[in-house]
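Residue numbers (UniProt numbering): 1 to 233.
Beta carbons are placed, not taken as given, at the ideal position from N, Cα and C, and that holds for glycine.
Predicted model only: the values in this text are computed from it and were never measured.
Some notes on the structure that comes next.
This is how it looks when you write it as structure tokens:
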């Protein structure tokens, strides 16, 4: 069973998806981390972001793996080709690189295939930008999570301060978010947009716990879960 959460950069998808997965005892798949890992590998290998064939080759030949802690459905580490890139893929450089890389049709084809294979092996909360429209259009629970660009920039700065990775300049982060919104929504392959049957949720000015509760309630309303699952691990 798949719960699909889509939305723009900085909307809180990762935080929400992890919490929902823990609440419902689902696994969690961060598809954005997969695209970031390919962007990181492209930089390491000197592959131009407009070379679709070469980027696709990277996506097909480099294994992306997620590391878990026993008993926790949420992955803690990300690696590509055996290299741990958990922190490396959260830098400002990767923030700028991931949109053009993820727009490459060959990259999307390779990673969508991986995502579908992973997701169909169990119960997953999957977050990204085209989950409800392209990767798992059959999902019974689809959410399009957004927030104002300004709030998303503030959140990203706070997040970068907390983890010590990425830009903490608000204006720079806001500019990057607006640029990425434009790139993601205007790309030819699987553009960022809500699925026709997605429930739209705006998290601007809301506590993240409220959004989590809304998605858990939606899953129960749709009959995806029974309502007897325990509490957040």
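For residue i, which of helix, strand or coil comes out of DSSP?
i, result
"residue 18", "helix"
"residue 99", "helix"
"residue 222", "coil"
"residue 228", "Model confidence at residue 228 stands at a pLDDT of 46, short of 50, so the residue's coordinates are unreliable; what they give is reported in the following sentence. Residue state, collapsed to three classes: coil."
"residue 79", "strand"
"residue 138", "coil"
"residue 31", "helix"
"residue 107", "helix"
"residue 71", "coil"
"residue 147", "coil"
"residue 11", "coil"
"residue 53", "helix"
"residue 233", "Here the model assigns residue 233 a pLDDT of 30, short of 50, so the residue's position is not dependable and the matter cannot be decided."
"residue 45", "helix"
"residue 85", "coil"
"residue 65", "strand"
"residue 92", "helix"
Since I believe residue j is in contact with residue i (beta carbons under 8 Å), could you give me their beta-carbon distance rounded to a whole number of angstroms?
i, j, result
"residue 47", "residue 54", "5 Å"
"residue 15", "residue 208", "6 Å"
"residue 29", "residue 216", "Not really, about 18 Å apart at Cβ, beyond 8 Å."
"residue 123", "residue 1", "5 Å"
"residue 106", "residue 52", "5 Å"
"residue 116", "residue 101", "About 20 Å; that fails the 8 Å criterion."
Tell me whether residue i is buried or exposed, calling it buried when 16 or more other Cβ atoms sit within 10 Å of its Cβ.
i, result
"residue 61", "exposed"
"residue 234", "Because the chain spans 1 through 233 in this model, residue 234 falls outside it and cannot be assessed."
"residue 130", "buried"
"residue 127", "buried"
"residue 204", "exposed"
"residue 95", "buried"
"residue 225", "buried"
"residue 70", "exposed"
"residue 186", "exposed"
"residue 132", "buried"
Assuming contact is defined by CB atoms lying nearer than 8 Å, are residue i and residue j in contact in what I supplied?
i, j, result
"residue 144", "residue 194", "yes"
"residue 19", "residue 5", "no"
"residue 40", "residue 3", "no"
"residue 82", "residue 75", "no"
"residue 222", "residue 141", "yes"
"residue 78", "residue 86", "yes"
"residue 7", "residue 155", "no"
"residue 12", "residue 211", "yes"
"residue 88", "residue 166", "no"
"residue 121", "residue 73", "no"
"residue 49", "residue 42", "yes"
"residue 56", "residue 103", "no"
"residue 125", "residue 153", "no"
"residue 146", "residue 202", "yes"
"residue 189", "residue 108", "yes"
*Contained alpha helix (DSSP H) runs [length at least 4] in the stretch 154 to 215, N- to C-terminal order*: Qualifying alpha helix (DSSP H) stretches, in chain order: 170 to 186.
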